[in-house]
Amino acid sequence: MDVPKDQLNTLLDHGLFSSAQILGCFAVSSTSINPETSPHLKAESLVLFGDSLFRDKEYRRAIQVYKQALQYHKILPKQSANSTPTPRSTLSASNISSSPNSCNTSPINENEVKFKVATCHSSLGENRAAIAEMEGIPSKSRNLEMNLMMAKLYRNSRHNRAAVGCFKECLRNCPYVFEAIIALAELGVSAKDIISLFPQTPNRSGRPPSDHFDSSRWLPRYVEAQCCIASNDYKGGLDLFSELLQRFPNNVHILLEMAKVKAVIGKNDEAIMDFETAMSIDPYVMTYMDEYAMLLKLKSDNSKLTKLVHDLLNIDPTKPEVLVALAVLWEKKDERGALTYAEKSIRVDERHVAGYVMKGNLLLSLNRPEAAVITFRGAQQLRPDLRSYQGLVRSYLAVSKVKEALFTAREAMKAIPQSGKALKLVGDVHASHVAGREKAKKFYESALRLEPGFLGAALALAELHVMEGRNGDAVSLLQRYLKDWADDCLHVKLAQVFAATNMLLDALSHYQAALRINPHNEAAKKGLDRLEKQMKGVDPDAPEEEDNEVDDVDEDQDEGELL
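So, in structure tokens, the structure goes:
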């Protein structure tokens, strides 16, 4: 042969894809291979050439080459029956396929080539074509990697029943396919059913191997934790993850899972601590870092947020987490630019829930509630959690669809029982119209009885008191909470109530207290600026003279250099 195939394999093994492509061109065009008498050699050369294209992410070219290889593979039976067999001395025994679908003269495995074609289609976002290729592989011939690919394709196409079957097959082969465990939990399969799939592999003595016996203690707890989270039993999930963390201290995966859940349910300070602990152990971790970015934005900690985005860009700027973090950073300066980043994150990974949540919130800020409804629905279809319910309710209220908002809030209450956040959501809907304020008050009070430390409900109830003219009740409520929770938002709300009742010195004291707790609190800064003007006898609503145009120049330049 003119082109040694072992050298082509060596180039591929060492990641020298450009050289492999060039050598592959020589291999497939060599006149020493007669495609009529030696189609199996032609097919092998084409597969190796396709591999070089595939690994260099030239998926469209790779598909074409792989399909040519399969065409030559199909004529093998006719050639083997009517032609003299070609000497096999040039082929290594390791290259001979053991596939039941390949005849004894074929060096390629038809099922593996079809799998590569499907992978190319999937990488191009062509799920339907990928599924068609995968369905051409007999189910008994699919290995673990093929079953996982099949499951993901079915799930992306919303063929959930078929996806469940493929994910289950993965766990029957290997209980440690965590992607399958998480997916099955999210698709509503019970922990008991998932655990029953784990293979039992006793040794000769009839006892399980020691490593299996050891993992059989913690792996079911991990499954139970994921099922709790998927069914919105956040407390149960966090308790199980905490138990696992005691056994596996400094486990970055568990810390991040706990941080994400705490961010969803509003335990922001605890979530930030877990994220920062995980980052101290693994400074280059990217999982859920967009969730961390959102928390920093809520805390108005712009310096940490800017550093985080800078670090993420240096690690891998193509990840969806980085694009969402960029959207968070740009939200204050350019909401339309931020929206572009959020949309790009979804294009990169159409199952990235944080991208949908960020996009929905930006659309609301840009006064596009109809589009926000569609986006939050997309998030719910992927994983209905508290934030998607909250976003959907806000979006419906913004377009005055009170019935739809109430239905969604009640749905959240059923999906997340014993949740003060879900009760508050129903209260928010009732509070949106005058006739429902008394009902709203009852829901807010119920939320506080269920979760006494839920400051969101306390602030909403205080706002309701103010709307009804009960400023004294609002002050009493907020001061009662301040005894136990030194929170900057409580101080800001108290300052606003005092300012509205012309108790300016009290208002000043609480704005200053809020800024001592959180120097980045924008509401406190703006409120204090307005209050100081009132105290000086200046109309706070009068237009300002444009003498501070360069206040944020340094910050703008920093962000410009960063991005």
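Sequential numbering of the sequence shown, starting at 0, is according to numbering that gives the first Met the number 0. Think of the CB as a built atom: it goes at the ideal place given N, C-alpha and C, for glycine as much as any other residue.
Does DSSP put residue i in a helix, in a strand, or in coil?
i, result
"Q199", "coil"
"N142", "coil"
"P564", "The structure shown does not extend to residue 564, since the chain spans only 0 to 562, so no value can be given for it."
"E330", "coil"
"Y158", "Per the sequence shown, the amino acid found at residue 158 is His instead of Tyr. Reduced to three states, the DSSP call for H158 is coil."
"L123", "coil"
"V2", "coil"
"H351", "coil"
"V176", "coil"
"D273", "helix"
"K318", "coil"
"F48", "helix"
"D505", "helix"
On the CB-based measure, 16 or more other CB atoms within 10 Å of its CB, does residue i come out buried or exposed?
i, result
"C24", "exposed"
"F247", "exposed"
"V398", "exposed"
"A277", "buried"
"E320", "buried"
"H432", "exposed"
"W484", "exposed"
"P316", "exposed"
"R216", "exposed"
"E521", "exposed"
"P383", "buried"
"D333", "exposed"
"R386", "buried"
"G49", "buried"
Here's a check: name, in chain order, each residue in its chain whose Cβ is nearer than 6 Å to the Cβ of residue i, leaving out the five neighbours to either side.
i, result
"A457", "Y480"
"S140", "N110"
"Y287", "L255 and K259"
"L527", "Y510"
"V347", "P319"
"C119", "Y58, A61 and I62"
Leaving aside the five residues before and after residue i along the sequence, list all residues of the same chain whose C-beta is less than 7 Å from its C-beta, in chain order.
i, result
"L152", "S121, N126, A129, I130 and M133"
"E269", "K261"
"L10", "S18, A19 and L22"
"L507", "L530"
"E369", "V398"
"E437", "none"
What does the alpha-carbon distance come out to for the pair residue i and residue j?
i, j, result
"H13", "K56", "16 Å"
"A52", "A68", "Reading the sequence as shown, one finds Leu at residue 52 and not Ala. Near 14 Å, if we compare the C-alpha coordinates of A68 and L52."
"Y388", "R60", "43 Å"
"L186", "F240", "20 Å"
"V465", "A473", "6 Å"
"L218", "R529", "56 Å"
"M145", "N313", "33 Å"
"D238", "V263", "16 Å"
"N360", "G377", "13 Å"
"K576", "F177", "Residue 576 lies beyond the residue range present for the chain, which begins at 0 and ends at 562; the question has no answer from this structure."
"L391", "L463", "22 Å"
"G135", "E410", "41 Å"
"A324", "G435", "38 Å"
"E275", "Y291", "9 Å"
"M272", "G236", "18 Å"
"G124", "L477", "52 Å"
"N142", "N249", "34 Å"
"K440", "G536", "37 Å"
What residues in its chain sit with their C-beta under 8 Å from that of residue i, if we drop five residues either side in the sequence?
i, result
"K524", "L514"
"L297", "N267"
"H72", "P38, H39, A42, S101, S105, I107, E109 and V112"
"H490", "L481, H509, Y510, A512, A513, I516 and A523"
Nearest chain D C-beta to residue i closer than 9 Å, yes or no?
i, result
"A397", "The structure shown contains no chain D; it is built from a single protein chain."
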